[in-house]
Amino acid sequence: MPQTPHIERHFTGTATVRDIVIGMADGLTVPFALAAGLSGAVDTTRIIVTAGLAEIAAGSIAMGLGDYLAAQSDAEHYDAERQREVTEVTEKPEAEVTETAAVFRSYGVTEDDSRPIVDALRQRPEAWVDFMMRFELGLEKPDPKRALRSALTIAGAYIVGGCIPLGPYIVSPKASTALVASVAITLMALATFGYGKGHFTGAPPWRSAMQTVLIGGVAAGVAFVIARAIS
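Read left to right, the sequence shown gives residues 3 to 233 (the working numbering).
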């Protein structure tokens, strides 16, 4: 009888979603907390908008640049480790054979069963190095375009997220009025963002939404109380 083909559906945008999550989470939370905190100290939105825009600019640059440098460091680390593995495969093949067999043993494969595979890898030095990089060191080859793309994604997501809580302060001259609108809009945005994050990453969407709202709300509330107490 005909069989239905097995189709596996895996989410492959993990890296991009990670970047958007990092940028949006901080972009929604930090400017929101800053604006709420300043609302507890001043009643004019001009200062809040100026400070908020400055924070969004500085925050997006800092996060984007930080991620770019981190990605560059990962690429340099990978290249250094790969060169070491190439040297070991060339100059110390017997030691690498022992290490390869140990990798297979960690998966429950006996030395007798793994020996043909190890022998086959010895005939393919590049594949052998790739195998050891992934299964011995747990390192994947970085995408050479990843650093810049990741930095721009995080910075862009931060700017988008930061403009949401700041929007009411731009259109309203009174800080207390803008604060109420900002809280409502930002909490809805946090809930929507958290739900979407959970949907794409496989976490329970509603739990993810509640966690995101809770973190953003607590951060803004603490900032508001501190600013009000100091003022």
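C-beta: ideal position from N, C-alpha, C; glycine also.
- Residue ranges of uninterrupted alpha helix (DSSP H) with 4 or more members, entirely inside the stretch 66 to 131 and ordered along the chain, are 95 to 108, 113 to 124.
- Around the beta carbon of Thr31, a 10 Å sphere encloses 16 or more other beta carbons of the protein chains shown; the residue is thus reported as buried.
- Between Phe34 and the set Ile161, Met212, His201, the nearest pair of CA atoms involves Ile161.
- According to the DSSP assignment, Gly158 belongs to the alpha helix (DSSP H) that extends over 148 to 173.
- CA-to-CA, the gap between Met212 and Arg84 works out to about 43 Å.
- With fewer than 16 other Cβ atoms inside 10 Å of its own Cβ, Met190 counts as exposed.
- Here Ile166 is near Thr188, since their CB atoms are less than 8 Å apart.
- Relative to the Cα of Phe137, the nearest Cα in the group Pro146, Tyr109, Asp145 belongs to Tyr109.
- Straight across, the Cα-Cα distance linking Val99 with Gly140 is about 18 Å.
- Residue state for Lys176 is assigned as strand, using DSSP reduced to three classes.
- Counting of Cβ neighbours within 10 angstroms places Lys199 among the buried residues, the total reaching 16 or more.
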